[in-house]
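Chemist:
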Amino acid sequence: MGLVTRNDVDQAYQLLKSAVAHTPLQYDRYLSEKYQATILLKREDLQKVRSFKLRGAYYAIKKRPQSELESGVVCASAGNHAQGVAYTCREIGVQAVIFMPSTTPQQKVSQVSFFGGNNVTIELVGDTFDASAAAAKAFAKEKGMAFIDPFDDPAIIAGQGTLAVEMMADALAESYQPDYVFAAIGGGGLISGVSTYVKDVSPVTKIIGVEPKGAPSMQEAFDYGAPVALKQLDKFVDGAAVKEVGQLTYQHAKEYVDQLMTVDEGLVCSTILELYSKQAIVAEPAGALSVAALESMQAEIKGKTVICIISGGNNDINRMAEIEERSLIYQGLMNYFVINFPQRPGALKEFVSEVLGPDDDITRFEYTKKINRGSGPVVLGVLSKTREDVPSLFERIAEFDPAYIDLSENQSLFTLLV
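Everything in the sequence shown is counted per the UniProt record's numbering, starting at 1 for the first residue and increasing by one.
Below, the structure written as structure tokens:
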């Protein structure tokens, strides 16, 4: 199968321009000053379903023969592709069965139901996108229904590329010449469509693909020489947590993407909070990947013009406590320990007054007294005010209990206890 071309993207744009929102390309003063560059944000979080996925889903469904659509369509998605399919099917009067991982945030499940209404049936199957996709494909084959792939399909890629048509036209209208375009990678549909179009109209613009550290499926494909399944997958950045990229998207990335990057999930969390507090932008974890990547590219982008694609804004408000904690852990401000306390009156008072700093705060304290023992373990969470306070805290804890355990160094214990 050949690569998608600029002409394919232009054709998709003509069909989609009346069906999707032309999302703004906005100059971001805060990020521009922070990184001493011209930072522009392509706001796909403001799309009709709060994600770019509507573009590919709508175009891929409209491209199907009417005879196929009469039987309905099937898709698998961690959320945003599902919302795009649901919205499209309700708009054009097609039935859809949508498979989602059982781990999908409830907010995304509810949104799919909201957008699809009576045109959609939702099936929660499997713990990962890949397990859900396998079930969806089997169901589609059994029922003789069209399967709408979330990324590895020429129509999907061309549809996602239409955001680049708007983006580059808006940049030109404001006399911006982008030096870099940063885009998230999950299965690779977005980066494939965007890079296809951008490299045709502006070959000098560098395309940077950004993946979460816990799900670098495109980097794994580059290293292996073909798409290959990750052995482990961190599902936190759910919109980009794909175990294996597509064959077609891999080929596009190899042809057009200049650099791949991975971003720590903790930095993604810090970026989500920063976007919300500084710019009032609600970005989901995958939507914040492109901005988070700027942190590692400060030297390269200084004085340059950079476009970051905010790919989606479907963030479940119930996840904010976890997002804040992950951010604090990443910054080194929140630390968890197992510390042995002497089982005698006054031990805790001594710890608070002599070990904790004046700005340290205990956020977790779990202790069960052990009968006939001289000491007992405590699970302790400590929040520090500044990074500078942390080294001395560790030193004082080591003096209090030389055998203490820093839970950040033992992921299994951390997961069990925290």
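Backbone N, C-alpha and C define an ideal beta-carbon position, used for all residues, glycine too.
Between the beta-carbon of A158 and the beta-carbon of V9, is there less than 7 Å?
Modeler: Cβ distance < 7 Å, so A158 and V9 count as in contact.
Chemist: In the DSSP assignment, the beta strand (DSSP E) including I310 goes from what residue to what residue?
Modeler: Where I310 is concerned, the enclosing beta strand (DSSP E) stretches over T305 to I310.
Chemist: Do you know whose CA, among S32, A173, P345 and I272, lies nearest M320's CA?
Modeler: The shortest Cα separation from M320 among S32, A173, P345 and I272 belongs to I272.
Chemist: For V94, which residues in the same chain have their Cβ closer than 8 Å to its Cβ, ignoring the five residues on either side in sequence?
Modeler: Excluding residues within five positions, the ones whose Cβ falls inside 8 Å are I61, L69, G72, V73, T88 and N119.
Chemist: Using 10 angstroms around the beta-carbon of Y58, count the other beta-carbons present and answer buried if the total reaches 16, otherwise exposed.
Modeler: It counts as buried.
Chemist: With a CB to CB cut of under 7 Å and the five nearest residues on each side skipped, what residues in its chain are close to G266?
Modeler: These residues qualify, in order along the chain: R326, S327, I329 and Y330.
Chemist: Between the C-alpha atoms of I208 and A253, what's the straight-line distance to the nearest angstrom?
Modeler: So the alpha carbons of these two residues sit roughly 10 Å apart.
Chemist: Terminal residues of the continuous beta strand (DSSP E) containing Y336?
Modeler: Where Y336 is concerned, the enclosing beta strand (DSSP E) stretches over M334 to P342.
Chemist: Between G381, R29 and I339, which lies nearest to P279 when the distance is taken from Cα to Cα?
Modeler: According to the sequence provided, residue 279 is Gln. The question's Pro does not apply to it. For the residues G381, R29 and I339, the minimum Cα distance to Q279 belongs to R29.
Chemist: If you reduce the DSSP assignment to three classes, tell me which class A184 lands in.
Modeler: A184 falls in the strand class under three-state DSSP.
Chemist: Restricting to Cα atoms, I'd like to know which of S77, T205, L275 and A286 is closest to residue 419.
Modeler: Within the shown structure, residues of the chain are numbered from 1 to 418, placing residue 419 beyond reach of any answer.
Chemist: How many angstroms separate the CA atom of S67 from the CA atom of A146?
Modeler: Looking at the two C-alpha atoms, the distance is approximately 10 Å.
Chemist: Identify whether Q259 lies in helix, strand or coil by the three-state DSSP scheme.
Modeler: In this structure, Q259 counts as strand in the three-state DSSP scheme.
Chemist: Give the DSSP bridge partners of I208, in chain order.
Modeler: DSSP output for I208 lists F182 and Q259 as bridge partner(s).
Chemist: From the DSSP output, read off the bridge partner residues of E366.
Modeler: Per DSSP, V379.
Chemist: By a C-beta neighbour count over all protein chains shown, 10 Å radius and 16 as the cutoff for buried, is N314 buried or exposed?
Modeler: Per the 10 Å Cβ criterion, buried.
Chemist: Which of the three DSSP states, helix, strand or coil, is assigned to L190?
Modeler: Reduced to three states, the DSSP call for L190 is helix.
Chemist: On a Cα-Cα basis, can you pick out the residue from M218, G303 and F115 that is closest to D152?
Modeler: The shortest C-alpha separation from D152 is found at M218.
Chemist: Mind checking whether A12 and T162 have CB atoms under 7 Å apart?
Modeler: The answer is yes: Cβ separation under 7 Å.
Chemist: Using a Cβ-Cβ cutoff of less than 6 Å, which residues in the same chain neighbour P105 once the five nearest sequence positions on both sides are dropped?
Modeler: These residues qualify, in order along the chain: D316.
Chemist: Counting only the same chain and skipping the five closest in sequence on each side, list residues whose C-beta sits under 6 Å from that of V201.
Modeler: For V201, where only same-chain residues beyond five positions count, the Cβ hits under 6 Å are M168.
Chemist: Measure the CB-CB distance between V306 and Y197 and report whether it falls below 7 Å.
Modeler: Result no, Cβ atoms of V306 and Y197 do not sit closer than 7 Å.
Chemist: Output the boundary residues of the beta strand (DSSP E) element that contains A236.
Modeler: Ala is not the amino acid found at residue 236; the sequence shown has Phe there. Careful: F236 lies outside any beta strand (DSSP E) and carries neither H nor E.
Chemist: In the DSSP assignment, what residue or residues form a beta bridge with Q26?
Modeler: Answer is L41.
Chemist: Output needed for L230: all residues of its chain with C-beta closer than 8 Å, excluding positions within five of it in sequence on either side, in chain order.
Modeler: Correct list, in chain order: A215, P216, S217, E220, K243 and E244.
Chemist: Would you mind listing the beta strand (DSSP E) stretches within the stretch 50 to 84 that are 3+ residues and don't spill past its ends, in chain order?
Modeler: Counting whole runs of 3 or more residues, the stretch 50 to 84 contains the beta strand (DSSP E) stretches 73 to 76.
Chemist: On the three-state DSSP scale, how would you describe L230?
Modeler: Of the three classes helix, strand and coil, the one that applies to L230 here is coil, per DSSP.
Chemist: From which residue to which residue does the alpha helix (DSSP H) around residue 425 run?
Modeler: The requested residue 425 is not part of the displayed model; the chain covers only 1 to 418.
Chemist: Output the boundary residues of the alpha helix (DSSP H) element that contains M100.
Modeler: No alpha helix (DSSP H) holds M100; the beta strand (DSSP E) holding it covers A96 to M100.
Chemist: Considering only the alpha carbon of each residue, which of V194, V268 and Y27 lies closest to L3?
Modeler: Nearest C-alpha to L3: V194.
Chemist: Does DSSP put L289 in a helix, a strand or coil?
Modeler: Looking at L289 - three-state DSSP - the assignment turns out to be helix.
Chemist: In the DSSP assignment, find the alpha helix (DSSP H) that holds E354 and state where it starts and stops.
Modeler: A347 to E354 is the span of the alpha helix (DSSP H), which, as asked, contains E354.
Chemist: Can you look up A146 in the DSSP assignment and give me helix, strand or coil?
Modeler: Here A146 sits in strand by DSSP.
Chemist: For V125, name the three-state secondary structure that DSSP assigns.
Modeler: Reduced to three states, the DSSP call for V125 is coil.
Chemist: Among all the DSSP beta bridges, which residues are the ones paired with residue 419?
Modeler: Since the displayed the chain opens at 1 and closes at 418, residue 419 lies outside it and no answer follows.
Chemist: Contact check, P150 vs A131 under 8 Å by CB: the rounded distance?
Modeler: Actually they do not touch by this definition, with Cβ atoms about 14 Å apart.
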